[in-house]
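Residue numbers (the numbering used here), protein chains in the order written: chain F, 1 to 83; chain R, 84 to 166; chain D, 167 to 325; chain W, 326 to 484.
Structure, as structure tokens:
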Amino acid sequence: MKLLYFAWLRERVGTGEETIDLPGGVTTAKDLMLWLSQRDEGYAYAFEDPQLIRVAANQQHVSMEADISGADEVAFFPPMTGG
Amino acid sequence: MKLLYFAWLRERVGTGEETIDLPGGVTTAKDLMLWLSQRDEGYAYAFEDPQLIRVAANQQHVSMEADISGADEVAFFPPMTGG
Amino acid sequence: MSSITPKISVSASNFDVAAELEHLKAGRTDIGALVTFTGLCRDENGSLAALELEHYPGMAEAELQRLATSALERWPLTGLTIIHRVGRIRPGENIVLVVTASAHRRAAFEAADFLMDFLKTQAPFWKKEHPASGNEPQWVEAKSTDDTDAARWMAKDAR
Amino acid sequence: MSSITPKISVSASNFDVAAELEHLKAGRTDIGALVTFTGLCRDENGSLAALELEHYPGMAEAELQRLATSALERWPLTGLTIIHRVGRIRPGENIVLVVTASAHRRAAFEAADFLMDFLKTQAPFWKKEHPASGNEPQWVEAKSTDDTDAARWMAKDAR
Chain F
1 MKLLYFAWLR
11 ERVGTGEETI
21 DLPGGVTTAK
31 DLMLWLSQRD
41 EGYAYAFEDP
51 QLIRVAANQQ
61 HVSMEADISG
71 ADEVAFFPPM
81 TGG
Chain R
84 MKLLYFAWLR
94 ERVGTGEETI
104 DLPGGVTTAK
114 DLMLWLSQRD
124 EGYAYAFEDP
134 QLIRVAANQQ
144 HVSMEADISG
154 ADEVAFFPPM
164 TGG
Chain D
167 MSSITPKISV
177 SASNFDVAAE
187 LEHLKAGRTD
197 IGALVTFTGL
207 CRDENGSLAA
217 LELEHYPGMA
227 EAELQRLATS
237 ALERWPLTGL
247 TIIHRVGRIR
257 PGENIVLVVT
267 ASAHRRAAFE
277 AADFLMDFLK
287 TQAPFWKKEH
297 PASGNEPQWV
307 EAKSTDDTDA
317 ARWMAKDAR
Chain W
326 MSSITPKISV
336 SASNFDVAAE
346 LEHLKAGRTD
356 IGALVTFTGL
366 CRDENGSLAA
376 LELEHYPGMA
386 EAELQRLATS
396 ALERWPLTGL
406 TIIHRVGRIR
416 PGENIVLVVT
426 ASAHRRAAFE
436 AADFLMDFLK
446 TQAPFWKKEH
456 PASGNEPQWV
466 EAKSTDDTDA
476 ARWMAKDAR
């Protein structure tokens with residue numbers, strides 16, 4: 001699965017893109033976020049405030065409860081500030 | 084007093100502008116309209132539906148009940164259709 | 167924001183939207199949002215040769231100025247332009263332009279919307295349609311929806 | 326009105342408002358109202374050197390397309406353009422353009438307003454401010470008023 005990070009999430013994680021094998025037991029976006037946040041300090045810092053995390057699966061907004069286990073591409077990012 | 088007419092009111096009256104001496108007893112815009120509508124068939128036709136008549140005194144919208152006896156310029160016209 | 171001088175124009179000439187935007191923006195960095203309304207002469211089925219726009223010279227400019235003043239009192243605008251054409255206007259051509267500038271988009275949107283609603287119902291302009299058939303031209307009738315639109319703002323005031 | 330193909334663009338290049346309006350209008354007489362929203366890089370007190378706009382390539386375009394589709398389902402639009410710039414943008418420069426065309430002004434105003442509200446809260450773009458002081462750049466925080474603005478349309482749906 002391809003993972004993407006944007007804005008300050010990208011900066012805290014330390015990379016904009018990586019490929020992972022989804023570990024067993026990770027089904028929802030929230031599961032994935034919790035798993036990622038335990039990887040190292042950078043990830044922990046990136047995901048420290050779950051209220052500020054938005055997620056997209058295959059380039060569409062999904063909720064934290066959505067099943068992302070079948071997605072090719074999952075992206076995490078802060079609330080959007082375009083326009 | 085200068086009187087102005089616009090759009091189909093101008094066409095029905097037969098002139099866009101005229102100068103009158105305000106007759107005694109004419110105080111409000113409605114008084115003036117009633118007096119004008121008794122002048123001839125064109126005026127009667129122009130003012131036949133009072134609901135469609137708008138009035139301005141000295142280039143500002145006023146109500147039919149407004150005292151226009153002191154105005155230099157009074158204009159009658161249909162509902163506006165600009166924009 | 168009473169320091170803003172709105173640009174008001176009533177003219178038979180066409181206007182250049184890009185030039186008007188440039189005029190409003192030039193050399194400034196305090197504008198976050200620009201809303202531009204352009205009203206065009208519409209003819210969906212080829213039945214219209216042209217519109218003829220009559221106006222009340224003097225009062226038309228004065229009324230647009232009064233509407234501009236109301237908008238400037240109501241919203242923190244940083245720029246305002248109102249241009250209305252008169253005379254003969256063909257399908258596809260410009261009739262009216264309203265440009266509102268503000269730090270934030272809500273003020274710019276609302277002010278432009280407000281100005282168009284009141285311009286339609288308060289500014290002394292009248293449209294006559296010249297049919298492509300060559301038949302007698304007809305004065306356009308005022309729409310009750312325009313009064314309803316304008317009344318929205320009174321309801322907001324009363325709240 | 327699903328026959329309209331909206332123009333969607335995400336690009337580092339500046340856009341030309343006049344050219345976009347011309348593109349939308351060219352050769353047509355069915356447009357009565359054009360509403361143009363231009364979002365500019367604002368810097369009221371000289372403290373900003375530039376904004377840096379990051380986006381999610383692919384999803385940004387897809388999300389603008391989804392917003393355009395929603396607007397076209399909701400209002401009888403006759404034309405629609407959405408352009409969002411990315412990269413480094415200086416004070417006074419363009420950031421975003423939304424143009425809505427319709428026979429009547431209410432649809433054009435509402436659709437442009439709707440699109441900007443959802444573009445702000447749904448389209449994957451992020452702004453970073455580079456201060457003129459040379460200090461560390463800062464990510465712009467999302468405003469709760471933007472969510473409130475977007476929520477207005479849900480309330481209308483529920484009525």
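Ideal placement from N, C-alpha and C gives every residue a C-beta, glycine not left out.
Pair within 8 Å by beta-carbon distance, residue i and residue j
i                : j                : result
Glu388 (chain W) : Pro449 (chain W) : yes
Ala7 (chain F)   : Glu466 (chain W) : no
Val201 (chain D) : Thr266 (chain D) : yes
Leu233 (chain D) : Leu285 (chain D) : yes
Trp400 (chain W) : Ala436 (chain W) : yes
Leu422 (chain W) : Thr473 (chain W) : no
Leu214 (chain D) : Ala298 (chain D) : yes
Arg367 (chain W) : Gly198 (chain D) : yes
Glu17 (chain F)  : Lys2 (chain F)   : yes
Met23 (chain F)  : Trp35 (chain F)  : Per the sequence presented here, residue 23 (chain F) reads as Pro, with Met not at that position. A contact, by the Cβ cut-off of 8 Å.
Cβ neighbours of residue i in the same chain (closer than 7 Å, five flanking residues each side left out)
i                : result
Trp305 (chain D) : Trp292 and Lys294
Phe32 (chain F)  : The sequence given here places Leu at residue 32 (chain F); Phe does not occur at that position. Only Val26, Ile68 and Val74 meet the Cβ criterion.
Asn58 (chain F)  : Ala71, Asp72 and Glu73
Glu227 (chain D) : Ile174 and Val176
Arg10 (chain F)  : Gly16
Arg415 (chain W) : Cys366 and Ala375
Gly14 (chain F)  : Gly42
Thr287 (chain D) : Asp312, Asp313 and Ala316
Residues near residue i in its chain [Cβ-Cβ closer than 6 Å; skip 5 each side]
i               : result
Ala75 (chain F) : Leu4 and Ala56
Closer than 7 Å: residue i CB and nearest the ligand MN heavy atom
i                : result
Ala358 (chain W) : In the structure shown, the ligand MN is absent, as is every other ligand, since no ligand is present at all.
Residues that residue i contacts on chain W, provided the C-beta gap is smaller than 7 Å
i                : result
Leu187 (chain D) : Val342
Pro257 (chain D) : Thr354
Ala46 (chain F)  : Residues of chain W passing the Cβ test: none, with the nearest at roughly 13 Å.
Cross-chain neighbours of residue i in chain W, by beta carbon under 8 Å
i                : result
Asp313 (chain D) : Simply none; closest approach about 13 Å.
Phe77 (chain F)  : Tyr381, Pro449 and Trp451
Ala56 (chain F)  : Tyr381, Met384 and Pro449
Residue i to residue j span [Cα, whole Å]
i                : j                : result
His250 (chain D) : Met147 (chain R) : 27 Å
Leu243 (chain D) : Asp196 (chain D) : 10 Å
Asp21 (chain F)  : Arg39 (chain F)  : 14 Å
Arg413 (chain W) : His455 (chain W) : 9 Å
Glu345 (chain W) : Phe434 (chain W) : 17 Å
Phe439 (chain W) : Asp471 (chain W) : 11 Å
Ala343 (chain W) : Lys481 (chain W) : 33 Å
Ala428 (chain W) : Thr111 (chain R) : 41 Å
Tyr222 (chain D) : Glu347 (chain W) : 31 Å
Asn180 (chain D) : Arg95 (chain R)  : 30 Å
Ala149 (chain R) : Gly165 (chain R) : 25 Å
Met282 (chain D) : Gly383 (chain W) : 37 Å
Asn370 (chain W) : Gly459 (chain W) : 15 Å
Ala530 (chain W) : Gly193 (chain D) : The requested residue 530 (chain W) is not part of the displayed model; chain W covers only 326 to 484.
Ile389 (chain D) : Lys468 (chain W) : Chain D is shown only over 167 to 325; residue 389 (chain D) falls outside these bounds and no answer can be derived.
Thr235 (chain D) : Leu135 (chain R) : 27 Å
Ala178 (chain D) : Asp341 (chain W) : 26 Å
Gln390 (chain W) : Gly404 (chain W) : 14 Å
Ile248 (chain D) : Thr19 (chain F)  : 55 Å
Val252 (chain D) : Val411 (chain W) : 41 Å
Residues that residue i contacts on chain W, provided the C-beta gap is smaller than 9 Å
i                : result
Phe275 (chain D) : Val360, Phe362, Phe434, Ala437, Asp438 and Met441
Residues near residue i in its chain [Cβ-Cβ closer than 8 Å; skip 5 each side]
i                : result
Leu206 (chain D) : Gly258, Glu259, Asn260 and Ile261
Arg137 (chain R) : His144, Phe159, Phe160, Pro161, Pro162 and Met163
Ser168 (chain D) : Low confidence applies to Ser168 (chain D): its pLDDT is 48, below 50, so where it sits in the model is not reliable, and the reading given next is rough at best. Here the set comprises Leu238 and Glu239.
Ser37 (chain F)  : Tyr43, Ala44, Ala46, Phe47 and Glu48
Pro462 (chain W) : Glu377, Lys453, Glu454, His455 and Pro456
Residues that residue i contacts on chain D, provided the C-beta gap is smaller than 7 Å
i                : result
Met147 (chain R) : Within 7 Å Cβ-Cβ: nothing; Met147 (chain R) doesn't reach chain D, min ~16 Å.
Gly404 (chain W) : The premise fails here: Gly404 (chain W) is roughly 11 Å from chain D at the closest Cβ pair, so nothing lies under 7 Å.
Under 7 Å from the C-beta of residue i: neighbouring residues of chain F
i                : result
Thr446 (chain W) : Met80
Ala387 (chain W) : Gln59
Neighbouring residues, chain R, relative to residue i (Cβ below 7 Å)
i                : result
Glu220 (chain D) : Phe89 and Ala90
C-beta neighbour in chain C for residue i, strict 8 Å
i               : result
Gly83 (chain F) : Considering every chain present, this structure includes no chain C. Its protein chains are F, R, D and W.
Chain D residues whose Cβ lies nearer than 8 Å to that of residue i
i                : result
Leu397 (chain W) : What Leu397 (chain W) touches in chain D: nothing, since even the nearest Cβ is about 18 Å away.
Residues that residue i contacts on chain R, provided the C-beta gap is smaller than 9 Å
i                : result
Trp319 (chain D) : Residues of chain R passing the Cβ test: none, with the nearest at roughly 15 Å.
Where residue i meets chain F, residues with beta-carbon distance less than 8 Å
i                : result
Val465 (chain W) : Thr81
### Task
Would you list, in sequence order, the uninterrupted alpha helix (DSSP H) runs of no fewer than 4 residues that lie entirely inside the segment 261 to 319 of chain D?
271 to 288
### Query
Can you give, in chain order, each stretch of the alpha helix (DSSP H) that sits fully within the segment 357 to 404 of chain W and has at least 4 residues?
384 to 399
### Message
So within the segment 6 to 61 of chain F, which uninterrupted beta strand (DSSP E) runs reach at least 3 residues, ignoring any that extend past its ends?
### Response
17 to 19 and 54 to 57
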